[in-house]
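Trainee: For the sequence shown, my numbering gives the first residue as 1, with consecutive numbering after it. Below you'll find the structure I mean.
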Amino acid sequence: MDRRHFKNIDFVLLVVTGLLVMIGLVMIYSATHANTALNHGDPYSFVKKQFICVVIGAIGLLLLIFFDYRVSDRVSQFLYGLNLLMLALVLTPLARTANGAQSWVFGVQPSEFAKVILIVTLGKYLAEKESLDSFYNFIGPFIHLGFPLLLILLQPDLGTALVFVFIAFIMMYTAGAPGWKLSILVLVCVVGITGMFLANHFFGLPLPIKHYQVARLTSFVNPEIDPRGSGWNVRQAVIAVGSGQFFGKGLFRGTQGRLGYLPENHTDFIFAVLCEELGFVGSFGVLCLFFILVWRGVRIAYQARDKAGTLTAIGIIAMFLFHILENIGMNMGIMPITGIPLPFISSGGSSMIANLVSIGILINIWARRQKIMF
């Protein structure tokens with residue numbers, strides 16, 4: 001990277017990312033320091049692990065600034081193959097099962113990195129495709145999406161599968177696919193999924209997902225149906241969010257998470273812990289930081305040097321946006337529980353590294369948005 005590119009680095013995006021990371025470390029400590037069964041007697045256990053991943057992710061972010069985001073055909077094919085290999089390893093005996101999904105191998109969660117690789121490779125593929133004006137032209141992008149998506153569904157990891165689909169549709173729309181045709185496909189999928197649930201309910205036909213996943217997806221509609229089972233997490237999260245009121249109970253003074261009422265309070269439901277302790281003021285501040293992050297990302301996509309840069313940036317922002325809306329929504333009881341982490345806030349090393357790498361790609365695209373003429 002030419003030194004003259006450094007003057008074009010988006011420092012606002014860097015600062016916002018840094019603030020979100022620091023808030024995340026504080027909230028992870030708040031959610032885990034008092035739970036001796038979880039941290040095995042070390043109140044800083046989760047914070048130290050997360051900080052190590054922050055350092056690794058920051059190194060990846062800095063390294064990516066020095067490389068051109070425009071990958072060659074050979075590199076794109078290698079990344080796509082590597083993506084399939086990582087996801088396939090998760091289905092082998094080498095993998096570890098957590099929360100009902102076989103998603104971990106060698107201490108990392110490949111599906112988090114798979115999102116970034118999908119964005120980069122699909123962005124290049126769509127940038128080189130001449131037209132997306134017909135359903136026939138959708139076949140190529142859907143095949144590109146289909147192989148990693150199938151491996152994700154086999155884990156099974158429904159939340160990540162939804163992220164994949166959302167990213168692909170947003171990138172295809174940006175690449176020129178007619179919105180009404182994409183809407184028809186979404187409608188067909190919704191009708192098909194509804195039909196499968198109705199067939200299961202009335203005729204007992206098996207579903208492609210497990211029973212506990214169905215319960216998690218539908219519990220937000222009426223948590224009181226199973227208040228001590230599938231509805232427990234939603235009810236406790238809503239209680240935590242509401243009990244924070246305007247200014248919150250104070251940092252490290254929350255009760256729902258600290259006393260063990262709220263499960264997964266350092267991952268899926270960390271936003272509920274934040275709301276309880278920092279109230280509306282603190283949660284609104286975090287939402288403002290996320291808004292700035294998304295705004296800067298859209299700005300980068302709009303002013304990118306080429307179509308591949310635009311599509312890649314849009315894909316990254318689509319990934320962040322889905323995570324933010326879904327995680328916060330399920331903490332407030334208005335979205336189904338899918339196990340989607342809150343970017344930079346939730347505990348999770350693979351997610352943190354992947355998110356920081358994604359920020360590095362955005363900064364790379366912004367720094368190269370114009371040719372250097374001197």
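The beta carbon of each residue, even a glycine, is placed where N, CA and C say it ideally should be. Remember, it's a predicted structure, so these values are computed and weren't measured experimentally.
List the endpoints of the continuous alpha helix (DSSP H) containing Gln50.
Mentor: Taken as a continuous stretch (DSSP letters only), the alpha helix (DSSP H) holding Gln50 covers Ser45 to Ile65.
Trainee: Which of the three DSSP states is assigned to Thr255 in this structure?
Mentor: Coil at Thr255, not helix or strand.
Trainee: DSSP three-state label for Val234, please.
Mentor: Helix at Val234.
Trainee: Once you ignore the five residues that flank Phe113 on each side, which residues in its own chain have a CB closer than 6 Å to its CB?
Mentor: Ala354, listed in sequence order.
Trainee: Can you give the beta carbon distance from Val298 to Leu64, rounded, assuming they're within the 8 Å contact cut?
Mentor: About 20 Å; that fails the 8 Å criterion.
Trainee: If you check the beta carbons only, do Pro148 and Leu118 fall under 8 Å apart?
Mentor: Yes. Within cutoff.
Trainee: So what's Thr310 in DSSP terms, helix, strand or just coil?
Mentor: Reduced to three states, the DSSP call for Thr310 is helix.
Trainee: Consult DSSP for Ala161 and reduce its assignment to one of helix, strand or coil.
Mentor: Residue state, collapsed to three classes: helix.
Trainee: For Val15 versus Arg296, is the C-beta spacing smaller than 8 Å?
Mentor: No, they are not a contact pair.
Trainee: Does DSSP put Val108 in a helix, in a strand, or in coil?
Mentor: In this structure, Val108 counts as strand in the three-state DSSP scheme.
Trainee: Straight-line CA distance for Glu276 to Gln245?
Mentor: For Glu276 and Gln245, the distance between alpha carbons rounds to 7 Å.
Trainee: So, helix, strand or coil for Ser441, using DSSP?
Mentor: Nothing can be reported for residue 441, as the shown portion of the chain is limited to 1 through 374.
Trainee: Could you check how far apart the C-beta atoms of Leu122 and Met196 are, in whole angstroms? I think they sit under 8 Å.
Mentor: 27 Å between Cβ atoms; not a contact.
Trainee: Under 7 Å Cβ to Cβ from Tyr173, same chain only, skipping five residues before and after it: list those, please.
Mentor: These residues qualify, in order along the chain: Gly179 and Leu182.
Trainee: Mapping DSSP to helix, strand and coil, what is Ala114?
Mentor: In the structure shown, Ala114 sits in a helix (DSSP, three-state: H, G or I).
Trainee: I'd like the list of long-range same chain contacts for Phe164, defined as Cβ closer than 6 Å, with 5 residues on each side in sequence excluded.
Mentor: Closer than 6 Å at the Cβ level, and outside the excluded window around Phe164, lie Leu149.
Trainee: With a CB to CB cut of under 6 Å and the five nearest residues on each side skipped, what residues in its chain are close to Ala237?
Mentor: Closer than 6 Å at the Cβ level, and outside the excluded window around Ala237, lie Phe269, Ala272 and Asn331.
Trainee: Contact between the stretch 124–133 and the stretch 305–313 is defined here as three or more beta-carbon pairs at a separation below 8 Å; is this criterion met?
Mentor: Contact holds: three or more Cβ-Cβ distances are below 8 Å.
Trainee: Give me, in chain order, the residues of the same chain whose beta-carbon lies closer than 8 Å to that of Arg408; leave out the 5 immediate sequence neighbours on both sides.
Mentor: Outside the displayed range of the chain (1 to 374) lies residue 408, so it cannot be described from this structure.
Trainee: Pick out whichever of Leu185, Leu89, Asp73 and Arg228 has its Cα sitting closest to the Cα of Tyr136.
Mentor: Answer by Cα proximity: Leu185.
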